[in-house]
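One structure is given below, encoded as C-alpha cells.
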Amino acid sequence: MCMSPPHHPDYAYYVSGDVTIDPSVAIAPGVVITAAPDSQIAIAAGVCIGMGTIIHADQGILEIDKGVCIGTTVLIVGAGKIGALACIGSESTLINSDIPSQHVVASGSLIGDQSRQVNFSATEVDFIPQPEPEPQPEPEPQPEPEPQPEPEPEPEPEPSIRKGPQVYGQTQINELLKTLLPHRKPPNF
C-alpha cells in the first residue's frame, strides 16, 4: 500500500494583518510578514526580501521604501522606516529603527536594541607608582679562555658518479620518503 503525504497548498511566504505589498516586490520562500492590530506595513516597488526573513510591525507603521534589499534571515520588528535603496545584510536584527536612504547595514548587525544600556564613561583610577629597582652591580670581567687549535677538516669524499640526469632536491625527497615509508627500499639512481 502506497501512502502519499497529505496535500497542502505550497505557500512560499506568509502575510497577515494590515500589509500593503507592491506587485513588483520579490519575496523569497519562508518569509513571514505580519502586522499587529493597530499597526501597518507598507512595502514599496522594487523591494527584494531574502529567504527566512521575518517582518513584524508593532505599535505603528513599518515602511519599507522602494528598491530596498533585505538579506536572508533578517528580523525587522516594531515601527520605523527603511529608506530607498538601503541594503540590510543577512542575519541582521532591526528593532524600531529608521534606516536612511542608500544606507548599508552589515550582516549580523543589531540595531535599535534598548534592553542593554552600555555606559562608556571612564572610571578614575588611582595610580601608585612602583619604586624603581636598584641597579645591579656589573659583574667582573672573566679572563678569556685560550683558543683551542682548530681541528683539521676531514677531506671530502669524492662525489660518486650518478646514472641519469641530476635531480635537484633529490636528497631531501629521499629523506622524506625514508621518514614517511621506513620499510621501503631506497631507489637506485
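Take the sequence shown: its letter number 13 is residue 13 in full-length UniProt numbering, and every next letter is one higher. Glycine included, each C-beta is placed from N, C-alpha and C at the ideal position.
Annotation for residue 16: 34 place their beta carbon closer than 6 angstroms to its own, counting only its chain and skipping 5 residues before and after. Taking C-beta separations shorter than 6 angstroms and ignoring five residues to either side along the sequence, the partners of residue 84 in its chain run 65, 66, 67, 101, following chain order. Bounds of the beta strand (DSSP E) holding residue 62 are 61 to 64. The residue among 107, 58, 96 with its C-alpha nearest the C-alpha of residue 18 is 58. Per DSSP, residue 172 is one residue of the alpha helix (DSSP H) stretching across 170 to 180.
Under the 10 Å beta carbon count, residue 26 is surrounded by fewer than 16 other beta carbons and is classified as exposed. Across the structure, residue 78 and residue 12 are spaced so that their CA atoms are roughly 23 angstroms apart. Between residue 92 and residue 136, the alpha-carbon positions lie close to 60 angstroms from each other. In this model, residue 183 and residue 177 are separated by some 10 angstroms (Cα to Cα).
Counting only residues of its own chain and dropping the five nearest sequence neighbours on each side, residue 105 has a CB closer than 6 angstroms to the CB of 88, 89, 92. In the structure shown, the three-state DSSP call for residue 98 is strand. Only buried fits residue 53, as 16 or more other CB atoms lie within 10 angstroms of its CB.
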